[in-house]
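Just below is one structure, and these are the notes that go with it.
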Amino acid sequence: MQADLLIHSAAQVITLASPAGPKRGAAMRDLAIIPDGAVAIRDGRILDVGPSDELRSQVRAAHSLSAGGHLVLPGFVDPHTHLVWAGERSGEFEMRVGGATYMEIMAAGGGIMNTVRQTRAASLDDLLSQTRPRLARMLAHGTTTVEIKSGYGLGTSHELKQLAAIRRLQAESPATLVATFLGAHAIPAEYRGREDAYVDLVVDEMLPAVAGLAKPPAFCDVFCEEGAFSVEQSRRILAAAKERGFGLKIHVDEFRALGGTSLAVELGATSADHLVCTPENEVERLAQSDTIAVALPGTPFGLGHHDYTPARALIDAGGALALATDCNPGTSWCENMQLMIAL
Numbered sequence: 396m397q398a399d400l401l402i403h404s405a406a407q408v409i410t411l412a413s414p415a416g417p418k419r420g421a422a423m424r425d426l427a428i429i430p431d432g433a434v435a436i437r438d439g440r441i442l443d444v445g446p447s448d449e450l451r452s453q454v455r456a457a458h459s460l461s462a463g464g465h466l467v468l469p470g471f472v473d474p475h476t477h478l479v480w481a482g483e484r485s486g487e488f489e490m491r492v493g494g495a496t497y498m499e500i501m502a503a504g505g506g507i508m509n510t511v512r513q514t515r516a517a518s519l520d521d522l523l524s525q526t527r528p529r530l531a532r533m534l535a536h537g538t539t540t541v542e543i544k545s546g547y548g549l550g551t552s553h554e555l556k557q558l559a560a561i562r563r564l565q566a567e568s569p570a571t572l573v574a575t576f577l578g579a580h581a582i583p584a585e586y587r588g589r590e591d592a593y594v595d596l597v598v599d600e601m602l603p604a605v606a607g608l609a610k611p612p613a614f615c616d617v618f619c620e621e622g623a624f625s626v627e628q629s630r631r632i633l634a635a636a637k638e639r640g641f642g643l644k645i646h647v648d649e650f651r652a653l654g655g656t657s658l659a660v661e662l663g664a665t666s667a668d669h670l671v672c673t674p675e676n677e678v679e680r681l682a683q684s685d686t687i688a689v690a691l692p693g694t695p696f697g698l699g700h701h702d703y704t705p706a707r708a709l710i711d712a713g714g715a716l717a718l719a720t721d722c723n724p725g726t727s728w729c730e731n732m733q734l735m736i737a738l
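Using our numbering, you'd call the opening residue of the sequence shown number 396 and step up by one each time.
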C-alpha cells in the first residue's frame with residue numbers, strides 16, 4: 396500500500412468510528428481507540444488506520460513521522476459559530492458585571508444590534524480582515540470544520556455581504572467551512588413594532604435572494620426566543636427555507652422555553668442549539684428524534700449564568716449531542732473547542 400505520509404507510534408489513535416449516523420446515548424462513550432496506533436495518508440486523505448506494527452509492515456510511505464507517544468485524533472468540528480462580524484462589544488461585559496441581563500443590554504441598543512450596526516458599516520474587505528485571524532486561531536486549536544452564520548446584517552444586501560465573506564473564506568481556507576443563513580437573528584430597530592413585516596422580508600425577499608446564489612448556504616437558522624422570533628414566526632421562516640432546499644437549524648430555549656425544541660423536531664431540523672432551559676418532556680422528544688442537540692457551554696459561562704444544557708439527560712435518553720463554541724463578539728468570544736470540552 397502506497398502512502399504519502401505514515402504517522403506512527405501514537406499512544407492512542409482516536410478514530411470515533413461507528414456505524415452510519417451520529418453516536419447516540421451510551422454509544423457516545425465508545426471512542427474506537429487504537430492503542431499504539433498509526434495513520435496512513437494519501438492525497439490529503441486518510442488511507443488507513445490501525446496498530447503501528449501492522450501499518451508499518453503494510454504501508455510504503457514517502458514520509459514517516461513518529462507521534463512520539465502523543466495522541467492522534469480527528470480535527471474538531473465546531474457546528475455553531477457567528478465568526479464573521481465587525482467591531483467589538485467589550486463595553487457590554489462591564490454592563491453584565493453591573494447586573495444587566497442579556498435582554499436588558501439588547502433592549503438598550505447593545506447585544507446583537509450593536510454588532511449589526513458595525514457589520515453593516517464594514518466593507519467586505521473589512522469583514523475578511525477581521526475574520527481571518529479568528530479562523531486561524533480556530534485552526535491552531537485543532538478545529539478543521541466550522542459552521543459560520545450570517546445574521547449581523549438583518550437586511551438583504553447586508554446579509555448577502557456576510558455570506559459573500561463566508562464564500563471567500565471557503566475558497567481560501569484549508570478548513571472545511573459550512574455556511575448558514577441567519578437573517579432571522581433579531582428584529583432590526585427599523586422594524587420594531589412591525590415584527591411580522593420583517594418576517595415577510597425574510598421569507599419573500601431574503602430567502603429567494605440567498606437561494607439564488609451560485610453557491611447558496613447549506614442551512615437556514617432562526618433565533619426562536621422571547622424578544623426575537625416567536626414559534627409561529629420561526630415556523631413560517633423555516634418552512635419556507637425547507638421548501639427551498641435548505642437544511643434547518645434553530646436557536647432554542649436559551650433564556651425561555653417557548654416550544655422551539657418541539658418545532659425543531661416537527662420540521663426535521665438538523666440541529667436544535669442552546670437548549671439551556673428545555674423542559675424535560677421536550678428533552679425526551681428531542682432525544683428520540685433525528686435532530687441533534689447542540690450544547691454551547693461557552694455562552695452561559697460568558698454570561699455568568701449557572702444553568703447549562705441538560706447534556707447528561709439528553710445522552711441518557713438516547714439523544715445525539717454535539718458541542719460548539721457559539722463564537723460571537725458578545726457572549727462567547729472563544730475560538731477553542733478544547734475549552735468547550737473542559738466546560
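C-beta: ideal position from N, C-alpha, C; glycine also.
At which residue ranges does the stretch 614 to 697 contain complete beta strand (DSSP E) runs of 3 or more residues, listed in the order of the chain?
Taking only runs of at least 3 residues, the beta strand (DSSP E) segments lying wholly in the stretch 614 to 697 are 614 to 619, 642 to 647, 666 to 669, 687 to 690.
Report the three-state DSSP secondary structure of GLU489 (helix, strand or coil).
Three-state DSSP puts GLU489 in a helix.
Among residues of its own chain, excluding the 5 on either side of ALA412, which ones have a beta-carbon nearer than 8 Å to its beta-carbon?
Within the same chain, ALA412 has close Cβ partners ALA427.
Can you give me the C-alpha to C-alpha distance between VAL674 and PHE650, rounded to a whole angstrom?
Looking at the sequence provided, one finds Pro at residue 674 rather than Val. If you take the alpha carbons of PRO674 and PHE650, they lie about 12 Å apart.
Give the DSSP-derived three-state secondary structure of VAL444 in the structure shown.
VAL444: strand per DSSP, three-state reduction.
Does the stretch 551 to 562 come close enough to the stretch 587 to 594 to have 3 or more Cβ pairs within less than 8 Å?
Counting Cβ pairs under 8 Å, fewer than three are found: no touch.
In whole angstroms, what separates the C-alpha of ARG562 from that of VAL597?
Whole-angstrom Cα-Cα distance: 21 Å.
Below 8 Å CB to CB, which residues in the same chain sit around ALA560 once its five sequence neighbours on both sides are set aside?
VAL479, LEU519, LEU522, LEU523, THR526.
Helix, strand or coil for ILE428, going by three-state DSSP, please let me know.
Reduced to three states, the DSSP call for ILE428 is strand.
Could you name the residues of the same chain whose beta carbon sits closer than 8 Å to that of LEU460, not counting the 5 residues immediately before and after it, in chain order?
Counting only Cβ-Cβ distances below 8 Å, and skipping sequence neighbours, we find LEU400, LEU401, ILE402, HIS403.
Would ILE687 and THR665 qualify as a contact pair, given that the criterion is a beta-carbon distance under 8 Å?
Yes, the pair counts as a contact, with Cβ atoms nearer than the cut-off.
Going by DSSP, what residues sit across from SER461 in a beta bridge?
BP columns for SER461 point to HIS403.
Which one of LEU738, GLY725, CYS729 has the shortest CA to CA distance from TYR497?
The shortest C-alpha separation from TYR497 is found at GLY725.
Can the beta-carbon of GLY578 be found closer than 8 Å to that of GLY546?
Yes, they are a contact pair.
Out of THR720, ARG639, GLY713, ASN676, state which residue places its alpha-carbon closest to the alpha-carbon of PRO695.
Of the listed residues, the one whose Cα sits closest to PRO695 is THR720.
Please list, in chain order, all residues of the same chain as VAL671 whose beta carbon is under 7 Å from its beta carbon, the five residues on each side excluded.
Around VAL671: ASP648, GLU649, PRO695, ASP702, TYR703, THR704.
Mapping the DSSP letters down to three states, classify VAL479 as helix, strand or coil.
It is coil, neither helix nor strand.
From the DSSP output, read off the bridge partner residues of VAL597.
Looking at the DSSP assignment, VAL597 forms no beta bridge with any residue, so it has no partner.
Helix, strand or coil for LYS544? Go by DSSP, reduced to three states.
LYS544 falls in the strand class under three-state DSSP.
Could you check the C-alpha separation between LEU602 and ALA636 for me, to the nearest Å?
In a straight line, the C-alpha of LEU602 is about 7 Å away from that of ALA636.
What residues in its chain sit with their C-beta under 6 Å from that of LEU662, if we drop five residues either side in the sequence?
Taken in chain order, the residues that qualify are LEU633, LEU643.
Does the beta-carbon of THR551, which I'm using as the reference point, lie nearer than 7 Å to any heavy atom of the ligand ZN?
As for the ligand ZN, it is missing from this structure, which has no ligand bound.
Measure from the alpha carbon of ARG451 to the alpha carbon of each residue in GLN397, ALA495, GLY504, then state which is nearest.
Comparing Cα positions, the closest option is GLN397.
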